[in-house]
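Data first, discussion second: the structure below is written as structure tokens.
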Amino acid sequence: MNDNKGMVEGQVVVVTGAGGGIGRDIALAMAREGARVVVNDIGASLAGEGNDAGPAQAVVNEIKAFGGEAVANTDSVSEAPSAARIVQTAIDSFGRIDVVVNNAGILRDRFFHKMSLDEWDAVIKVHLYGAFYISRAAAPHFKEQASGNYIHMTSTSGLIGNFGQANYSAAKLGVAALSKSIALDMQKFNVRSNCIAPFAWSRMISSIPTDTPEEQARVNRIKQMTPAKIAPLVVCLASDQAGDANGQIFAVRNNEIFLISQPRPVRSVQRSEGWTPQSVASHALPALKASYFDLDRSADVFCWDPI
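Here our numbering runs 2 ahead of the position in the sequence shown, where the first position is 1.
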């Protein structure tokens, strides 16, 4: 550890899903900037199956090797009692909790008309319920100390759209709404909550189909975007230097950082006598049609090569 004071010096940070990919790089970056880190990962497969303490402990060992402080935790975010144990690990190990990074995730991609109840439930439980459970467990501590910081991973699959990911997209758009609600409810306690939609090659998106040359080219573009590119924004958002950022949605794409828009009215139409189904068809919809949104996927909106 260098002698210069880190941007998050002394803060206690929980990073879920930190055994690999984006979470690992966030945990390492937090520790390098002076945070004490709870590295949470159940060590499951991409589909959420199995359990292995190895990945979380390996990241802890990396952090300790450069003089940082970290502990491993292998509890699941997808159930309230185990999620509470993740937060309790921070309290037991370091005496407090300052930052929650909701990064844990699984995928069960399937076209909607084929999606099973289990595939829906499993993804919603980890992404949306998991973000709620961890955030809720930390909330009383944040309220009591009148400070705290949530950083949630959302996705352009939810913010914009994607094929074969109704479960993941619904969960990730839900996470964005959860973050905004936390920001509104807890602002008076000096607690902030923001989202990041990360673009990075990790096993979370290694299941993208590559059946056509276009899909292969898209995957090759994504492979240029390493998980380490996400971490600087996460560390900064966790610090006091980002005190003005609350209830925002950011995206990181290689060396680009975006602020993502949030839904607002774009066009309106009014009739003083009110509407009938017929006048909606003849007047309202034609008037609004010029502002309809295309059925875009994430790749249609972010269509240029990573910079």
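Where a beta carbon is used, it is the ideal one built from N, C-alpha and C, also for glycine.
The model shown is predicted, which means the values in this text are computed figures rather than measured ones.
Counting only the same chain and skipping the five closest in sequence on each side, list residues whose C-beta sits under 8 Å from that of MET3.
-> For the purposes of this step, residue 3 is identified with residue 1 of the sequence shown, where counting begins at 1. Unreliable placement is indicated for MET3, whose pLDDT of 45 sits below 50; no coordinate value is reported for it.
What separation, rounded to the nearest whole angstrom, lies between the Cα atoms of LYS1 and VAL282?
-> Outside the shown range of the chain (3 to 309) lies residue 1, about which nothing can therefore be said.
Which word fits CYS305, buried or exposed, when buried means at least 16 other C-beta atoms lie within 10 angstroms of its C-beta?
-> Looking up residue 305 in the sequence shown gives position 303. Classification for CYS305: exposed.
8 Å Cβ cutoff met for ALA199 and THR158 = Walking along the sequence shown from the start, residue 199 turns up at place 197. Walking along the sequence shown from the start, residue 158 turns up at place 156. Between ALA199 and THR158, the gap from beta carbon to beta carbon is short of 8 Å.
Which class does VAL15 belong to by DSSP, given the choice of helix, strand or coil?
-> Residue mapping note: residue 15 aligns to position 13 of the sequence shown, counting from 1. If DSSP states are grouped into helix, strand and coil, VAL15 belongs with the strands.
Identify, in the order they occur along the chain, each residue of the same chain with its Cβ nearer than 8 Å to the Cβ of ILE259, setting aside the five sequence neighbours on each side.
-> Position 257 of the sequence shown, counted from the first residue, corresponds to residue 259. Excluding sequence neighbours, ILE259 sits near LEU235, PHE252, ALA253.
Does the distance from the C-beta atom of ARG269 to that of SER293 stay below 8 Å?
-> Along the sequence shown, one-based indexing puts residue 269 at 267. Along the sequence shown, one-based indexing puts residue 293 at 291. Cβ atoms of ARG269 and SER293: closer than 8 Å.
State the Cα-Cα distance for the pair ALA141 and GLN280, rounded to the nearest angstrom.
-> As a first step, residue 141 is located in the sequence shown; it is residue number 139 there, counting from the start. As a first step, residue 280 is located in the sequence shown; it is residue number 278 there, counting from the start. CA-to-CA, the gap between ALA141 and GLN280 works out to about 50 Å.
Would you tell me roughly how many angstroms separate the C-alpha atoms of MET117 and THR156, rounded to the nearest one?
-> For this step, residue 117 is matched to residue 115 along the sequence shown. For this step, residue 156 is matched to residue 154 along the sequence shown. C-alpha separation (whole angstroms): 21 Å.
Using 10 angstroms around the beta-carbon of GLN13, count the other beta-carbons present and answer buried if the total reaches 16, otherwise exposed.
-> Translated into positions along the sequence shown, residue 13 becomes position 11. Buried, by the Cβ-count rule.
Compute the distance between the beta-carbons of VAL10 and VAL41, then report whether it is under 8 Å.
-> Translated into positions along the sequence shown, residue 10 becomes position 8. Translated into positions along the sequence shown, residue 41 becomes position 39. Cβ atoms of VAL10 and VAL41: not closer than 8 Å.
What distance in whole Å lies between the Cβ atoms of HIS154 and SER181, which are believed to be in contact at a cut-off of 8 Å?
-> Against the sequence shown, residue 181 aligns to sequence position 179. Against the sequence shown, residue 154 aligns to sequence position 152. Indeed they touch by this definition, with Cβ atoms about 5 Å apart.
Quick one: grab the DSSP three-state call for SER293.
-> Counted from its first residue, the sequence shown places residue 293 at position 291. The answer is coil: DSSP assigns SER293 none of H, G, I, E or B.
Which partner residues does LEU261 have in the DSSP bridge list?
-> Sequence index remark: in the sequence shown, residue 261 carries index 259 (1-based). The partner list for LEU261 (beta bridge, DSSP) reads PHE252.
Starting from HIS154, trace the beta strand (DSSP E) both ways and give me its first and last residue.
-> Stepping through the sequence shown from its first residue, residue 154 is reached at position 152. Per DSSP, HIS154 belongs to the beta strand (DSSP E) from 150-155.
Identify whether PHE2 lies in helix, strand or coil by the three-state DSSP scheme.
-> As shown, the chain starts at 3 and ends at 309. That puts residue 2 outside it, with no answer to give.
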